[in-house]
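As structure tokens, the structure follows; a few thoughts come after it.
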Amino acid sequence: MFPEISTKKLLPGLACLMLATGCSNNNDSNDGGSNANKSADDYLVDLAHPTKGIGARVAGTESERKAEAYLLAELKSLGYAPSAQAFTYKDRDNNEFNSSNVIFEKAGSNADKVLVLGAHYDTAGEDLGSTGATDNGTGVSTLLDVAKRIKDKTLPYTLRFVFFGAEEKGLHGSNYYVSQLSVDDLSKIVGMVNYDTVAGGDYLYVHSADSATPYECSGDNSSYAAGDTVRKGMLNASIALDGDNDFLIHPSVDGGYQAGETGDWSDHVAFACRGIPIAYVEATNFDIDGKYGKDGYSQTVNPQFWTCFDEATVGACDKDAEVKWGEIWHTGSDRIDAMESAFPGRVSSQMEQAVKATVEFVSFADYYLP
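Read in numbering that gives the first Met the number 0, the sequence shown has 255 at position 256, and its numbers run on one by one without any break.
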């Protein structure tokens, strides 16, 4: 059997996800709304539902621009002052595309230190039917809910949110954002938490940067940060709230990552390369012996996501014949309706867990300052 994820209670908006339709408080035009009672579930419908929301948000396309406009409008309705940071990037054929990052801040009592929370809002796998519900509608929706819940809270230090464009095309948004920071800006950033696919997989993990093999940073990596301060802070915040249902730290893998560490495939990389300690929240399953070993790329043991799953080896019955590999992201299963059918309540529950832990984490500097 695949893991059971407790939903504890029906969360607001769960019915919307289960029916794959928007709630009555959604704005069908998807240009943002003024309803301060929205939950992560509602935001997810706005972003990823194919008819009630934007749907797939491929980088460099009009749908990504719609997502940018939605984020700007939604954040303004919450009382923030967001801005769009435009940039261009080139594909492998040297074709140029436009994208942007959406940035806003919640000022803290002390502006000398800044904590960054980030999530990419573009998607991949549209040709296979993906609308980017889990990757990365869940990360964006989680941070929108966090922004709503902390709006009237007093925070110890400034909190900066960045929604990155064009992550799926090569981490372009985060690379551009970090490249534009001055030396003074960089010196103020005490940590970064990356939210990429925070729901859908079997378990919810929090990682830090790879310490054994530093990421390939442009220029040199003499400033590379592999510390686990931010990861430990997120873990401790989740334990304080959820006890036994806290985030997981994946075990060490022979020939792979050290316990609790992760690779270079998401927006945390640019920050680690510039000396900023990171944490990375991700829903997957590191127990699975996937296509390339226990690297977390196979997200679930649910048999419907495998050609043939072997419970004894926690992997494929036949690696040469396997096609699906337990993957959700970038597939036709990365849709609200498909996820609710396979895992009723899981996406909602995992997003709520991430939202609550994040609000706790940012509220007390002891969690993230060494």
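Glycine included, every Cβ here is placed at the ideal spot set by N, Cα and C. Owing to the predicted nature of the structure, the values given are computational and were not obtained by experimental measurement.
Quick check on residue 28: does DSSP put it in helix, strand or coil?
Its pLDDT being 41, under 50, residue 28 is placed unreliably in this model, and the coordinates cannot settle the point.
Would you mind stating whether residue 369 and residue 212 have Cβ atoms separated by less than 8 Å?
Taking 8 Å as the Cβ cut-off, residue 369 and residue 212 do not qualify as a contacting pair.
Could you please give me the residues that DSSP links to residue 114 through a beta bridge?
DSSP lists 158, 190 as partners of residue 114.
Does residue 234 come out as helix, strand or coil in the three-state DSSP assignment?
Three-state DSSP puts residue 234 in a helix.
Is residue 119 helix, strand or coil by DSSP?
Reduced to three states, the DSSP call for residue 119 is strand.
Going by beta-carbon coordinates alone, are residue 239 and residue 250 separated by less than 8 Å?
It is not a contact, given that the beta carbons lie outside the stated cut-off.
Can the beta-carbon of residue 392 be found closer than 8 Å to that of residue 67?
Examination of residue 392 is not possible in this model, given that the chain is present from 0 through 369 alone.
Which class does residue 267 belong to by DSSP, given the choice of helix, strand or coil?
Coil, per DSSP.
Could you tell me the distance, in whole angstroms, from the CA atom of residue 115 to the CA atom of residue 160?
Answer to the nearest angstrom: the Cα atoms are 6 Å apart.
Could you pull the start and end residues of the alpha helix (DSSP H) that residue 46 belongs to?
First-last of the alpha helix (DSSP H) with residue 46: 39 to 47.
For a quick check, are the C-beta atoms of residue 120 and residue 135 less than 8 Å apart?
Yes, the pair counts as a contact, with Cβ atoms nearer than the cut-off.
Assign residue 349 to one of three DSSP states: helix, strand, or coil.
Helix, per DSSP.
Tell me whether residue 359 sits in a helix, a strand or coil according to DSSP, three-state version.
In the structure shown, residue 359 sits in a helix (DSSP, three-state: H, G or I).
Could you tell me whether the stretch 154 to 174 touches the stretch 241 to 248, where touching means 3 or more Cβ pairs closer than 8 Å?
At 8 Å Cβ cutoff, the stretches do not touch.
Tell me the DSSP secondary structure of residue 57 in three-state form.
Three-state result, residue 57: strand.
Measure the alpha-carbon distance for residue 201 versus residue 273 and round it to whole angstroms.
Going from the Cα of residue 201 to the Cα of residue 273 covers about 32 Å.
Quick check: the Cα distance between residue 234 and residue 366, rounded to an integer number of angstroms?
Cα to Cα, the separation comes out at about 9 Å.
Anyone know if the C-beta pair for residue 321 and residue 306 falls short of 8 Å?
A contact, by the Cβ cut-off of 8 Å.
Considering only their Cβ atoms, is the gap separating residue 266 from residue 220 smaller than 8 Å?
Their beta carbons are not under 8 Å apart, which means residue 220 does not touch residue 266 by this criterion.
Going straight from the alpha carbon of residue 252 to that of residue 283, what length do you get?
Between residue 252 and residue 283, the C-alpha separation is close to 15 Å.
Output the boundary residues of the alpha helix (DSSP H) element that contains residue 171.
Start and end: 171 to 178.
Helix, strand or coil for residue 365, going by three-state DSSP, please let me know.
It is helical.
Which whole-angstrom value describes the C-beta separation of residue 224 and residue 260, a residue pair presumed to lie in contact below a C-beta threshold of 8 Å?
Contact doesn't hold; Cβ gap of about 12 Å is too wide.
I'd like to check one pair, residue 269 with residue 177: are the Cβ atoms closer than 8 Å?
For residue 177 and residue 269, yes; Cβs fall inside 8 Å.
Any chance the CB of residue 197 is under 7 Å from a heavy atom of the ligand NAP?
Ligands displayed in this structure: none; no statement on the ligand NAP is therefore possible.
Check the DSSP bridge columns for residue 82 and list the partner residues they point to.
In the DSSP output, where bridge partners are listed per residue, residue 82 has 102.
What did DSSP end up calling residue 183 once you bin it into helix, strand or coil?
In this structure, residue 183 counts as helix in the three-state DSSP scheme.
Short of 6 Å in beta carbon distance, which residues of its chain neighbour residue 74, apart from the five on each side in sequence? Order them along the chain.
Correct list, in chain order: 81, 103.
Taking C-beta to C-beta, are residue 331 and residue 129 nearer than 8 Å?
Yes; because the gap between Cβ atoms is below 8 Å, this pair is in contact.
Compare the C-alpha of residue 47 against each of 335, 197, 95 and name the closest.
Cα-wise, what sits closest to residue 47 is 335.
Look at residue 162 and residue 77 and say whether their C-beta atoms are less than 8 Å apart.
Result no, Cβ atoms of residue 162 and residue 77 do not sit closer than 8 Å.
Is residue 354 helix, strand or coil by DSSP?
Residue state, collapsed to three classes: helix.
Could you give the residue range of the beta strand (DSSP E) that holds residue 205?
Residue 205 -> beta strand (DSSP E) spans 202 to 208.
Which same chain residues end up closer than 7 Å to residue 303 when comparing Cβ atoms and leaving out the 5 residues on each side of it in sequence?
341.
What's the C-alpha gap between residue 148 and residue 354?
Using only the alpha carbons, I get a separation of about 9 Å.
Here's the rule I'm using: 16 or more other beta-carbon atoms within 10 Å means buried, otherwise exposed. How should residue 85 be labelled?
Classification of residue 85: exposed, given that the 10 Å Cβ count is below 16.
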